[in-house]
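Novice: In the working numbering, the protein residues as written are 10 to 209.
Built from N, CA and C at the ideal position, the CB exists for glycine as well.
See below:
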């Protein structure tokens with residue numbers, strides 16, 4: 010990755026796909042399991058599902074395959090994104106369930122993936138593995154609510170934690186639970202820069 014060999018980032022660990030993927034700067038190790046057959050089956054059936062539901066305004070929904078481990082259906086480009094999202098939820102959950110998968114809602118997106126791993130599980134496992142004495146989690150989507158839950162559980166165990174919402178206009182549930190709301194990714198960068206300046 011682009012972080013390899015960057016001074017000061019020798020202990021960086023990058024988690025992707027809700028913790029299923031992992032890159033460790035210290036070892037250079039990449040963990041990325043192979044494609045899930047259930048996800049492949051859902052990907053194969055999705056175009057027909059969208060076609061069947063075309064009368065509900067979902068035909069222009071965008072399908073994003075995520076390395077064979079997840080697939081997302083974005084409704085942002087549909088005539089009525091909220092209505093399309095609502096129309097897709099039950100049929101997509103039924104399709105996912107037939108293949109042993111779950112649906113994770115987000116901002117104008119429904120993501121189909123394997124159960125048992127979420128951002129809270131991934132974050133908690135990393136904190137325990139690394140022995141971190143404090144945690145700051147910044148998020149901007151509904152999938153980050155599980156990580157907020159994870160930070161709150163860690164707080165209950167005595168590990169200090171800060172919850173940051175990156176932007177607040179689209180995901181009010183996240184902003185309502187955050188300790189701090191910043192102005193999008195630039196606000197997160199500014200916050201981290203300020204913290205680095207204090208703790209240098």
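Return helix, strand or coil for residue 42, following the three-state DSSP convention.
Specialist: Coil.
Novice: Which two residues bound the contiguous beta strand (DSSP E) that contains residue 114?
Specialist: That run of the beta strand (DSSP E) goes 111 to 115.
Novice: Counting along the chain, where does the beta strand (DSSP E) carrying residue 139 start and finish?
Specialist: Not the beta strand (DSSP E): residue 139 falls in the alpha helix (DSSP H), residues 128 to 139.
Novice: Report the rounded CA-to-CA distance for residue 15 versus residue 152, giving the unit in angstroms.
Specialist: In a straight line, the C-alpha of residue 15 is about 29 Å away from that of residue 152.
Novice: Is the Cβ-Cβ distance between residue 9 and residue 99 less than 9 Å?
Specialist: Any answer about residue 9 is impossible in this case: the structure gives the chain only from 10 up to 209.
Novice: Using the rule of at least 16 other Cβ atoms within 10 Å of the residue's Cβ for burial, across every protein chain shown, is residue 39 buried or exposed?
Specialist: With fewer than 16 Cβ atoms within 10 Å of its Cβ, residue 39 is classed as exposed.
Novice: Give the range of the beta strand (DSSP E) segment to which residue 24 is assigned.
Specialist: Looking at the DSSP string, the run of the beta strand (DSSP E) that includes residue 24 is 22 to 25.
Novice: By the DSSP assignment, the beta strand (DSSP E) with residue 13 in it spans what residues?
Specialist: It is not in any beta strand (DSSP E) - residue 13 carries neither H nor E in the DSSP assignment.
Novice: Which of the three DSSP states, helix, strand or coil, is assigned to residue 122?
Specialist: If DSSP states are grouped into helix, strand and coil, residue 122 belongs with the strands.
Novice: What are the residues that DSSP puts in a beta bridge with residue 33?
Specialist: Looking at the DSSP assignment, residue 33 forms a beta bridge with 22.
Novice: Report the rounded CA-to-CA distance for residue 68 versus residue 51, giving the unit in angstroms.
Specialist: C-alpha separation (whole angstroms): 16 Å.
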